[in-house]
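2 protein chains.
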Amino acid sequence: MVLDGRPTAEELRSRTRRFQGHLREQGLGGAVLVQNVDRYYFSGTMQMGHVVVPADGDPLILIRRDPRRAAAESPLAVEPLESVRDVAARVRDRLGDIPSPLGLERDVLPAAQLDRLQSLFPGVPFGDASRALLLTRAIKSPAEIEAVRRAGRLVAEAVAEVPRFLREGVTELELSALIEFELRRRGHGGLIRTRGFNQEMFYGHVFAGATAAAVSFLDAPTGGAGLGPALPYGPSPRPIGRGEPVSVDLVGNVQGYLADQTRVFALGRVEEVFAEAFEAALAVHEAVLAEARPGVPASRLYDVALQAAAETPFAAHFLGERHKVGFVGHGIGLEVDEYPFLARGFDLPLAEGMVFALEPKFIFEGRGVVGVEDTFAITAEGVERLTTSPQELMVVEE
Amino acid sequence: MVLDGRPTAEELRSRTRRFQGHLREQGLGGAVLVQNVDRYYFSGTMQMGHVVVPADGDPLILIRRDPRRAAAESPLAVEPLESVRDVAARVRDRLGDIPSPLGLERDVLPAAQLDRLQSLFPGVPFGDASRALLLTRAIKSPAEIEAVRRAGRLVAEAVAEVPRFLREGVTELELSALIEFELRRRGHGGLIRTRGFNQEMFYGHVFAGATAAAVSFLDAPTGGAGLGPALPYGPSPRPIGRGEPVSVDLVGNVQGYLADQTRVFALGRVEEVFAEAFEAALAVHEAVLAEARPGVPASRLYDVALQAAAETPFAAHFLGERHKVGFVGHGIGLEVDEYPFLARGFDLPLAEGMVFALEPKFIFEGRGVVGVEDTFAITAEGVERLTTSPQELMVVEE
Numbered sequence: 001m002v003l004d005g006r007p008t009a010e011e012l013r014s015r016t017r018r019f020q021g022h023l024r025e026q027g028l029g030g031a032v033l034v035q036n037v038d039r040y041y042f043s044g045t046m047q048m049g050h051v052v053v054p055a056d057g058d059p060l061i062l063i064r065r066d067p068r069r070a071a072a073e074s075p076l077a078v079e080p081l082e083s084v085r086d087v088a089a090r091v092r093d094r095l096g097d098i099p100s101p102l103g104l105e106r107d108v109l110p111a112a113q114l115d116r117l118q119s120l121f122p123g124v125p126f127g128d129a130s131r132a133l134l135l136t137r138a139i140k141s142p143a144e145i146e147a148v149r150r151a152g153r154l155v156a157e158a159v160a161e162v163p164r165f166l167r168e169g170v171t172e173l174e175l176s177a178l179i180e181f182e183l184r185r186r187g188h189g190g191l192i193r194t195r196g197f198n199q200e201m202f203y204g205h206v207f208a209g210a211t212a213a214a215v216s217f218l219d220a221p222t223g224g225a226g227l228g229p230a231l232p233y234g235p236s237p238r239p240i241g242r243g244e245p246v247s248v249d250l251v252g253n254v255q256g257y258l259a260d261q262t263r264v265f266a267l268g269r270v271e272e273v274f275a276e277a278f279e280a281a282l283a284v285h286e287a288v289l290a291e292a293r294p295g296v297p298a299s300r301l302y303d304v305a306l307q308a309a310a311e312t313p314f315a316a317h318f319l320g321e322r323h324k325v326g327f328v329g330h331g332i333g334l335e336v337d338e339y340p341f342l343a344r345g346f347d348l349p350l351a352e353g354m355v356f357a358l359e360p361k362f363i364f365e366g367r368g369v370v371g372v373e374d375t376f377a378i379t380a381e382g383v384e385r386l387t388t389s390p391q392e393l394m395v396v397e398e
Numbered sequence: 399m400v401l402d403g404r405p406t407a408e409e410l411r412s413r414t415r416r417f418q419g420h421l422r423e424q425g426l427g428g429a430v431l432v433q434n435v436d437r438y439y440f441s442g443t444m445q446m447g448h449v450v451v452p453a454d455g456d457p458l459i460l461i462r463r464d465p466r467r468a469a470a471e472s473p474l475a476v477e478p479l480e481s482v483r484d485v486a487a488r489v490r491d492r493l494g495d496i497p498s499p500l501g502l503e504r505d506v507l508p509a510a511q512l513d514r515l516q517s518l519f520p521g522v523p524f525g526d527a528s529r530a531l532l533l534t535r536a537i538k539s540p541a542e543i544e545a546v547r548r549a550g551r552l553v554a555e556a557v558a559e560v561p562r563f564l565r566e567g568v569t570e571l572e573l574s575a576l577i578e579f580e581l582r583r584r585g586h587g588g589l590i591r592t593r594g595f596n597q598e599m600f601y602g603h604v605f606a607g608a609t610a611a612a613v614s615f616l617d618a619p620t621g622g623a624g625l626g627p628a629l630p631y632g633p634s635p636r637p638i639g640r641g642e643p644v645s646v647d648l649v650g651n652v653q654g655y656l657a658d659q660t661r662v663f664a665l666g667r668v669e670e671v672f673a674e675a676f677e678a679a680l681a682v683h684e685a686v687l688a689e690a691r692p693g694v695p696a697s698r699l700y701d702v703a704l705q706a707a708a709e710t711p712f713a714a715h716f717l718g719e720r721h722k723v724g725f726v727g728h729g730i731g732l733e734v735d736e737y738p739f740l741a742r743g744f745d746l747p748l749a750e751g752m753v754f755a756l757e758p759k760f761i762f763e764g765r766g767v768v769g770v771e772d773t774f775a776i777t778a779e780g781v782e783r784l785t786t787s788p789q790e791l792m793v794v795e796e
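Note that the protein sequences, when read in sequence, are chains A and B. Per my numbering, the first sequence starts with residue 1, numbered consecutively. Per my numbering, the second sequence starts with residue 399, numbered consecutively.
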């Protein structure tokens, strides 16, 4: 089923049932979903429309454009919607009444869209379904995990080509272009979807030395110098020099599912400090994984990472130097910033089926970044690694 | 100045003055801008923070991350912001009071962010600054137009390579990957920023024959079959056959500025109907351009396009077959969907400095799409074309 990326009806129903449990817990009568990824997650189609999920009973999938395509894509019953103005009447017809309070995707729904929904559902009290959604989506099915695994394999295939591309004088941008081509021709979906407001990503970040260590506005441990003030992160036009740590941070995309991996390369030997910091990153990685199993709060993994980093000589550089980010990992799936966050105070217990990227990185401003990042699934016993490139600092000799 | 993509202080001040005029017209006391592109437009930096523009006086640029980088990027005075909680106090200190009503980017600001701003500015009445913003950004400076022109040249360089890549059996995805590589290695910025909720784009759309004509959820005349239900637009894995019209719709990105162009290729001769429809698209293009000059309502260009298309044998296929989109063009700049829209009822008069993409296209479901798209600037006398590939149906013989 996962092979063509289409969830089964049974899987979609299971997602809906879990979501309904969370909706009831939050005191919501149901939810109306309009954002692309959320609609897709429950319906199997991203065609435009409204997915209305009551706290009990079957969801209603109303598609304005294109209903014919939606019917071919979704294993569930899909109903055409002639005009957006009909939404409330259609919901009332099919569900008896409008679910109330009606949960919205308040974390991503623009204010103007909120006004529009209020005019489509006059007098209906609204609530926030964001947390119920994120909790539901945090638990991946075996088919979803297989899609992430495939995205991890895609990244590994492209990363295996890096030694062929890494030559003295190649710019960060050229190296990025070569790697992106390897990803894309193998079926990378292109977009890296983000949920956080103002967060952006293009394939990931390939950069080296001082430009890799440039602080950016992104909520990520590394940002990079980028191509200019309107493109202020990611690769720069600077040629990569010998001995610089080259951070190859890539997000695969297979059928919309993402896998996040970072590896470090170098043209010739790196300074000792970088080699040691790379080992320190591996040590933090191992310390965190030793704690990762169902029932452990996600925040505990962040605390363990900080403790492990404090035992290295590089604590001042961990997760940033002047600006430290407040997490060492993030859930990932259809979007790159899902639950759980491995962050201070994020006390959600880990559970089987959660998938997250763990990225202990050390940033040396003006000099370079090293670290390691892999994507893991929580299993009954612990973790399974879904990204598969060898975990070593890979020195390329010309 | 434009060469490194950095707007001058003078240009930023001029943008602010125009915005202030629109704010006053809309009865707003000022605006607080938090979205990446809007902040960049007025400050010259995309670093994270708040740009507060009073209806009179200088804007306040408060940067939380990274203030040092923001100071290097912006030609204006930038002030560090330690904590978001300080925003209102800082605004009061510098401007005497909080501008009121305070305009927000309601078209893009998520509801949860709106709540956050309300808590940061307790008791302050909010308004909507979206229209004032879009009206301001609709008028491009000569430096902005030059950036779009450079994005157009970038696209033309990649398009010139298409005859080398177009071989029988090459898939839409492979052709896309090859073209994207040509764009990227020359400095394409990657992201195509969209303003519309749920709108997405990855470089543009390269596809052929029946898969090119697949209806998608995107608000665009063509969508394509894509790679699966979670990636339901753009190129598919289908091999391109002889005689199929190949639509090469690409968006360049130079220093954040976009240019949109579509050309049609074919491996060997296309069916007569496609050749004729391509000529019809050129005729619509010409008819619209003959009317395009300052003072003419944008909607008039849409009406002219419909009239011109009605005089061809292909009116039923114009801008869609089952689902027609309601516009024949769209403003473009830092985002791909800016003012003016060449759409029914969009009566904003064209003005010197406006930049838009015009895309008369004919869709034959199950068979293919043909059309032409170029990006134009409105000049004092009429229009200047900013995308430069030859406007012909390019037949490639192996």
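Note that CB positions come from ideal geometry on N, CA and C, so glycine has one too.
Put simply, the CB of Asp66(A) is near chain B, with a gap under 8 Å to one of its CB atoms. Approximately 19 Å separates the beta-carbon atoms of Arg404(B) and Ile537(B); this is outside 8 Å, ruling out the contact.
With its beta carbon less than 8 Å from one in chain B, His323(A) belongs to the interface. Against chain B, the CB of Tyr40(A) has a partner CB under 8 Å away; the residue lies at that interface. At a C-beta separation below 8 Å, Ser517(B) has no neighbours in chain A, since its nearest C-beta there lies roughly 14 Å away. Taking a C-beta distance under 8 Å as the contact criterion, Phe440(B) and Thr406(B) do not qualify as a contact pair. A residue is called buried when at least 16 other Cβ atoms come within 10 angstroms of its Cβ; Gln307(A) does not meet this threshold and is exposed.
Nearest Cα to Glu408(B) within the set Ala664(B), Arg463(B), Ser472(B): Ser472(B). For the segment 121-149 of chain A, the residues whose beta carbon sits under 8 Å from a beta carbon of chain B are, in order, Asp128, Ser130. The straight-line gap separating the alpha-carbon atoms of Val451(B) and Gly624(B) is approximately 42 Å. Residues of the segment 182-193 of chain A whose Cβ lies closer than 7 Å to any Cβ of chain B, in chain order: Arg184, Arg185, Gly187, Gly189, Gly190, Leu191. Secondary structure at Ser645(B): strand, using DSSP grouped into helix, strand and coil.
When DSSP assignments are scanned along the segment 213-291 of chain A, the uninterrupted stretches of beta strand (DSSP E) that are 3 or more residues long and fall wholly within it turn out to be 246-254, 257-267.
Gln445(B) and Pro465(B) have their C-alpha atoms roughly 7 Å apart. For the segment 367-389 of chain A, there are no residues whose beta carbon sits under 9 Å from a beta carbon of chain B.
With the criterion set as a beta carbon lying under 9 Å from some beta carbon of chain B, the members of the segment 334-368 of chain A are Leu334, in sequence order. Taking the CA atoms as reference points, Asn36(A) sits about 6 Å from Asn596(B). Listed as beta-bridge partners of His586(B) by DSSP are no residues whatsoever. Interface criterion met: the Cβ of Gln653(B) is under 8 Å from a Cβ in chain A. Residues are counted here when their Cβ sits less than 8 Å from a Cβ of chain B; for the segment 105-119 of chain A these are Arg106, Asp107, Val108, Leu109, Pro110, Ala111, Ala112, Gln113, Leu114, Asp115, given in chain order. Contacts with chain A (Cβ-Cβ distance below 8 Å) from the segment 619-632 of chain B involve Leu625, Gly626, Pro627, Ala628, Leu629, Pro630, Gly632, listed in chain order. Residue-level contact by beta carbon fails for Glu291(A) and chain B, as no gap is shorter than 8 Å. In the structure shown, Asp772(B) adopts extended strand secondary structure according to DSSP, grouped into three states. In the DSSP assignment, Arg562(B) falls outside any beta strand (DSSP E) and lies within the alpha helix (DSSP H) extending over 560-563. The three-state reading of DSSP puts Ile543(B) in helix, counting H, G and I together. Checking the DSSP bridge columns, you'll see His330(A) partnered with Phe341(A), Ala357(A). The beta strand (DSSP E) runs of length 3 or more contained entirely in the segment 21-69 of chain A are, from start to end of the chain, 30-33, 48-54, 60-65. Contact annotation: Thr375(A) and Gln255(A) have beta-carbon atoms that are not nearer than 8 Å.
The three-state secondary structure of Thr786(B), taken from DSSP, is coil.
For Pro125(A), the closest of Gly103(A), Arg94(A), Glu161(A) by C-alpha to C-alpha distance is Gly103(A). In the structure shown, the three-state DSSP call for Val91(A) is helix. Residue Asp347(A) holds the alpha-carbon nearest to the alpha-carbon of Leu301(A) among Leu282(A), Asp347(A), Asp107(A).
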